[in-house]
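Below you'll find the structure, written out as structure tokens, and then a few comments.
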Amino acid sequence: MRREPRHRKARQPAAATPEELPAMEPEELCDIYGAVLFDYCRTSLPPAEAERAARGALVSGHHHADRLHEPQHQRAWLYALARAHRTRRRTNSSAGTGGPDGWTRPGSTCDPLLLTTLATLEEAHQEVLDLALRHGLTAVEIALIFDAGAVEVENLIRAASDHLERLVAAMDAARTSDGCPAPVQLAAAPAPPGSAPLARHVSACARCLAAPRTATAAGLLAQVPIAAASATLATRLTSAQPLPAEGGWRPDGFPEQTPTLTPALAAIRSTRPPTAPGGAAPSPPSTGRAGEFRAWEQRNRNASDHEEFWEPRHDEANPEARLSLRPLWPVLRVGGLIAATVTAILTAGAVWSELQPRPHASDMAPAAAPATTLPATLSATTLPPDLLLLDEPPAGQPTLQPSTTAPTTTTTRAPATTRPSSRPATPAAPAPTPTRTAAPANAGSGDRPTGNRERPRTGHRPDRPTATRRPASAAAAQTLPKPLPPTASLSPSSLSLGSGRSGSFALLCSTGTCSITSASGTNGIAVSATRISVSAPASRPGCTTVTESGTATIVWSGTTTGDGRTTDGTTTASGTLTLTISWTVKADKGDWIPTGSVTHGGDRQGHWSNCRNG
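Quick note on my numbering: the sequence shown kicks off at 14 and runs consecutively.
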């Protein structure tokens with residue numbers, strides 16, 4: 014089991030509590046976090062530049078305190094500020110330090126070969142080991158600094174610990190007669206950044222991999238103590254400059270960081286977490302809400318056990334690693350996927366076409382028009398009075414013969430219109446076969462309009478007026494019902510503005526069109542069209558946040574117009590709708606008034622000016 018170094022137990026600041034925030038001046042932040050932030054910056058900068066970066070982080074912690082949304086993350090937030098200042102120092106002045114010098118601490122008695130081994134680790138591994146094992150940050154806090162997943166960071170800490178233990182074991186074995194001598198030679202030889210010849214050799218050498226591990230990563234890093242800050246760190250705080258307020262900030266209030274962990278996290282996602290000898294996975298210190306973060310990420314991220322071709326490799330910067338056929342794999346995989354998709358589509362189309370029934374020749378012949386065939390004998394009563402025969406029947410069709418009896422036929426139209434009898438009742442008598450003869454221009458003017466062919470009638474009376482034919486659409490239009498009246502509703506049914514003071518709603522109409530005719534509100538609510546605004550203040554003196562509410566009354570009117578096929582005409586409707594609106598008014602506690610002794614930390618005891626019990 015890994016134990017925390019004894020010399021760091023009194024130096025590690027706990028996560029900030031809400032009581033610490035109101036009066037955290039740069040000097041107070043320096044007393045609590047000055048030494049650890051200076052040591053963190055010292056890993057990448059010379060002592061003088063590390064002190065300037067730490068001073069800038071302390072001043073930024075006071076100047077941008079309003080950006081910290083959750084007080085329990087104050088420690089991680091200050092480390093993120095220190096890293097941002099450290100990066101600016103390395104970029105602007107090119108004062109970065111590399112190699113074992115970054116791990117050298119005054120008064121340290123650790124083996125220089127250990128410092129050399131630490132310097133050979135890739136930057137991401139050095140970063141997480143320094144934060145987790147020397148400074149005691151949890152995986153959740155490190156994830157907040159780099160805007161990464163807590164589970165991925167925890168796996169990266171395991172991988173970095175395993176890598177360090179394997180390198181140290183190979184270095185220890187190289188000092189004996191049974192070990193491989195190459196690790197010591199590679200560690201002492203200069204190498205370009207990112208090449209990592211020692212790591213490649215150890216991972217490929219069977220003798221180095223077989224070397225027994227005699228120390229844990231936590232025990233090894235415990236030999237590198239936290240550097241004490243100089244006296245000038247607190248006395249020169251006024252000369253430091255905070256981070257700019259414009260740009261470079263994430264939505265959660267943390268400063269943006271360089272993507273140092275991105276390649277290493279991508280490599281972790283493509284492989285399983287390393288396990289220690291005996292099957293037990295080394296676990297870094299993880300407390301607080303780490304379990305909650307891990308559970309959330311396990312539900313939302315299912316890490317793949319194989320390398321994905323779209324993810325960057327951690328050794329892309331190494332020229333030797335590029336000499337492989339790996340670039341061809343994406344082309345082959347995408348090409349195979351496209352070929353399989355096209356084959357599946359073609360196969361499905363062929364099967365579908367085979368399953369469809371084929372039409373017969375008899376089904377493809379056009380159907381005869383029913384209007385061209387007439388029954389052999391038609392009764393005179395079956396022909397409507399307004400039937401017009403405009404064309405001669407084709408040859409071979411049966412002749413039209415009136416029936417032996419001609420009863421009176423009355424045709425009923427709309428309720429308001431009744432047609433007269435088409436002809437009077439006549440005694441039954443056989444009639445000759447009717448013939449079609451074009452009517453002269455001066456004949457039949459009293460029977461039907463000129464230009465229509467005359468149909469023979471039995472017992473026709475010239476002095477009787479002929480009924481006028483009405484279009485069928487006009488008669489049907491008189492019987493269409495009116496459309497349903499419109500109904501309106503509000504969306505949403507209730508509106509919660511929270512800390513805001515304006516919002517909007519929508520008037521929904523079931524049919525037709527609806528519009529707002531007037532609107533009013535209560536408790537300071539103003540309504541303009543579909544916009545809502547509240548005149549309540551954002552905060553009031555007090556201890557707790559309160560929720561207030563009011564109502565908006567919306568008067569509407571609407572119109573529905575028929576479609577001319579199923580409904581006809583217009584229908585109007587109107588009504589009144591009510592919308593409930595709520596908002597919150599924050600409590601303004603006022604200023605913090607300390608009541609205890611400042612010398613003994615009594616400034617944390619006191620009360621707010623507007624809330625004595627808060």
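All C-beta atoms, glycine included, are put in the ideal place defined by N, C-alpha and C. Only a predicted model underlies this, so the values are computations on that prediction, with no experimental measurement involved.
- Item | Val559 vs Thr530 beta-carbon contact at 7 Å | As a working note, residue 559 is residue 546 in the sequence shown. As a working note, residue 530 is residue 517 in the sequence shown. Taking 7 Å as the cut-off, the Cβ atoms of Val559 and Thr530 do not count as close.
- Which partner residues of Gly619 appear in the DSSP bridge assignment? Counting from one through the sequence shown, the residue named residue 619 turns up at place 606. Answer is Pro607.
- Short check: CB of Gly571 to CB of Gly525, under 7 Å? What you label residue 571 is simply residue 558 of the sequence shown in a count that begins at 1. What you label residue 525 is simply residue 512 of the sequence shown in a count that begins at 1. Taking 7 Å as the Cβ cut-off, Gly571 and Gly525 qualify as a contacting pair.
- Message: Tell me the rounded alpha-carbon separation between Gly149 and Ala89.
- Response: Here residue 149 corresponds to residue number 136 of the sequence shown, with the count starting at 1. Here residue 89 corresponds to residue number 76 of the sequence shown, with the count starting at 1. Distance between the alpha carbons of Gly149 and Ala89: 11 Å.
- Task: Compare the C-alpha of Ala532 against each of Leu590, Gly575, Thr273 and name the closest.
- Result: Along the sequence shown, read from residue 1 onward, the residue named residue 532 stands at position 519. Ranking the options by Cα distance to Ala532, first place goes to Leu590.
- Task: Compare the C-alpha of Leu256 against each of Asp143, Thr122, Arg101 and name the closest.
- Result: Taking the sequence shown and counting its residues from 1, the one referred to as residue 256 is at position 243. Leu256 has its Cα closest to that of Arg101, out of Asp143, Thr122, Arg101.
- Message: Here's a check: name, in chain order, each residue in its chain whose Cβ is nearer than 6 Å to the Cβ of Ala183, leaving out the five neighbours to either side.
- Response: Locating residue 183 in the sequence shown gives position 170, counting from the first residue. Result list for Ala183: Pro196, Val215, Cys221, Ala224, in chain order.
- Task: Please look up how many angstroms separate the CB atoms of Leu177 and Ala230, rounded, as I've assumed it's under 8 Å.
- Result: Stepping through the sequence shown from its first residue, residue 177 is reached at position 164. Stepping through the sequence shown from its first residue, residue 230 is reached at position 217. Going by Cβ atoms, the distance from Leu177 to Ala230 rounds to 5 Å, so yes, they are a contact pair.
- Contacting residues, own chain, Cβ-Cβ under 8 Å from Ser587 (five flanking each side not counted): Within the sequence shown, numbered from 1, the residue matching residue 587 stands at position 574. Apart from the 5 residues on each side of it in sequence, Ser587 sits with its Cβ closer than 8 Å to the Cβ of Thr530, Val568, Trp569, Ser570, Gly571 in its chain, given in chain order.
- Query: Measuring from the CB of His82, is there a heavy atom of the ligand SAH at a distance below 6 Å?
  - Reply: Summarising the ligand content, the structure contains no ligands, and the ligand SAH is consequently not present.
- CA-CA distance, Arg282 and Glu165? Along the sequence shown, read from residue 1 onward, the residue named residue 282 stands at position 269. Along the sequence shown, read from residue 1 onward, the residue named residue 165 stands at position 152. So the two alpha carbons sit approximately 7 Å from each other.
- Item | Contact under 7 Å by Cβ, Thr543 with Ser517 | Walking along the sequence shown from the start, residue 543 turns up at place 530. Walking along the sequence shown from the start, residue 517 turns up at place 504. In contact: Thr543 and Ser517 (Cβ atoms closer than 7 Å).
- Task: Put Arg625 into one of helix, strand or coil per three-state DSSP.
- Result: Counted from its first residue, the sequence shown places residue 625 at position 612. Three-state DSSP puts Arg625 in coil, outside helix and strand.
- Excluding sequence positions up to five away, which residues of its chain have a Cβ less than 6 Å from the Cβ of Pro39? For this step, residue 39 is matched to residue 26 along the sequence shown. Correct list, in chain order: Leu71, Val72, His75, Leu250.
- Message: Give me the residue from Ala173, Gly534, Thr584, Ser366 with the minimum Cα distance to Pro499.
- Response: The residue given as residue 499 occupies position 486 in the sequence shown. Taking the Cα of Pro499 as reference, the smallest distance to any Cα among Ala173, Gly534, Thr584, Ser366 is reached at Thr584.
- Mapping DSSP to helix, strand and coil, what is Pro125? As a first step, residue 125 is located in the sequence shown; it is residue number 112 there, counting from the start. In the three-state scheme derived from DSSP, where H, G and I count as helix and E and B as strand, Pro125 is classed as helix.
- Message: Let me check understanding here. Comparing Cα to Cα, which of His82, Cys43, Ala244 lies closest to Gly69?
- Response: Numbered from its first residue, the sequence shown carries residue 69 at position 56. Comparing C-alpha distances from Gly69 to each of His82, Cys43, Ala244 shows the shortest one belongs to Cys43.
- Pull up the distance between the alpha-carbon of Leu341 and that of Leu350, whole angstroms please. The sequence position of residue 341 within the sequence shown is 328, counting from 1. The sequence position of residue 350 within the sequence shown is 337, counting from 1. One C-alpha to the other measures close to 14 Å.
- Message: Taking 6 Å as the limit between beta carbons, can you name the residues of its chain near Asn536, skipping five residues before and five after?
- Response: Reading the sequence shown from its first residue, position 523 is the one you call residue 536. When the five nearest sequence neighbours on each side are left out, the beta carbons in the same chain lying within less than 6 Å of the beta carbon of Asn536 are those of Gly563, in order along the chain.
- Item | Span separating the alpha-carbon of Val49 from that of Thr56 | By 1-based counting over the sequence shown, the position of residue 49 is 36. By 1-based counting over the sequence shown, the position of residue 56 is 43. Approximately 11 Å between the Cα atoms of the pair.
- Message: Please state the DSSP three-state secondary structure of Leu497.
- Response: Position 484 of the sequence shown holds residue 497. The three-state secondary structure of Leu497, taken from DSSP, is coil.
- Query: Cβ atoms of Leu58 and Arg147: under 7 Å apart, would you say?
  - Reply: Looking up residue 147 in the sequence shown gives position 134. Looking up residue 58 in the sequence shown gives position 45. At the C-beta level, Arg147 and Leu58 stay beyond 7 Å of one another.
- Apart from the five residues on each side of it in sequence, which residues of its chain come closer than 8 Å, Cβ to Cβ, to Ala519? The sequence position of residue 519 within the sequence shown is 506, counting from 1. Taken in chain order, the residues that qualify are Leu503, Ser504, Thr543.
- Item | Three-state secondary structure (DSSP) of Val49 | Counting from one through the sequence shown, the residue named residue 49 turns up at place 36. Helix, per DSSP.
- Message: Quick check on DSSP: helix, strand or coil for Glu561?
- Response: Position 548 of the sequence shown, counted from the first residue, corresponds to residue 561. DSSP places Glu561 in strand when its eight states are reduced to three.
- Apply the 10 Å Cβ neighbour rule to Trp365 and answer buried if 16 or more other Cβ atoms are within range, or exposed otherwise. Here the question's residue 365 lines up with position 352 in the sequence shown. Label assigned to Trp365: exposed.
- Straight-line Cα distance separating Arg346 from Thr356: Taking the first residue of the sequence shown as position 1, residue 356 is located at position 343. Taking the first residue of the sequence shown as position 1, residue 346 is located at position 333. Spanning the two alpha carbons is a distance of roughly 15 Å.
- Task: Note down the Cα distance separating Ala145 from Pro84, rounded to an integer number of angstroms.
- Result: Translated into positions along the sequence shown, residue 145 becomes position 132. Translated into positions along the sequence shown, residue 84 becomes position 71. Those two C-alpha atoms are separated by around 20 Å.
- So Ala277 packs on Ala132, CB below 8 Å; how close in whole Å? Here residue 277 refers to the residue found at position 264 when the sequence shown is read from its first residue. Here residue 132 refers to the residue found at position 119 when the sequence shown is read from its first residue. Your pair Ala277 and Ala132 does not check out as a contact, with CB atoms roughly 17 Å apart and the cut at 8 Å.
- Query: Are the CB atoms of Leu592 and Ala549 nearer to each other than 7 Å?
  - Reply: Mapped onto the sequence shown, residue 592 falls at position 579. Mapped onto the sequence shown, residue 549 falls at position 536. Not a contact, by the Cβ cut-off of 7 Å.
- Is it buried or exposed for Lys495, if we count other Cβ within 10 angstroms and need 16 for buried? As a working note, residue 495 is residue 482 in the sequence shown. Classification of Lys495: exposed, given that the 10 Å Cβ count is below 16.
- Task: Note down the Cα distance separating Thr189 from Val181, rounded to an integer number of angstroms.
- Result: Start at 1 with the first residue of the sequence shown, and residue 189 comes out as number 176. Start at 1 with the first residue of the sequence shown, and residue 181 comes out as number 168. Thr189 and Val181: Cα-Cα distance of roughly 13 Å.
- Message: On the criterion of 16 or more Cβ atoms from any shown chain inside 10 Å, does Thr492 qualify as buried, or is it exposed?
- Response: For the purposes of this step, residue 492 is taken as residue 479 along the sequence shown, with counting starting at 1. Residue environment analysis places Thr492 among the exposed positions, since fewer than 16 neighbouring C-beta atoms fall within 10 angstroms of its C-beta.
- Task: Look up Ser506 in the DSSP assignment and say whether it is helix, strand or coil.
- Result: For this step, residue 506 is matched to residue 493 along the sequence shown. For Ser506, the three-state secondary structure derived from DSSP is coil.
- With distances taken from CA atoms, which of Glu561, Pro272, Leu521 is nearest Gly635? Since the first residue of the chain shown is 14 and the last is 627, residue 635 is not available in this structure.
- Task: Compute the Euclidean distance between the alpha carbons of Ile158 and Gln270, then round it to the nearest angstrom.
- Result: Here residue 158 corresponds to residue number 145 of the sequence shown, with the count starting at 1. Here residue 270 corresponds to residue number 257 of the sequence shown, with the count starting at 1. Ile158 and Gln270 have their alpha carbons spaced roughly 8 Å apart.
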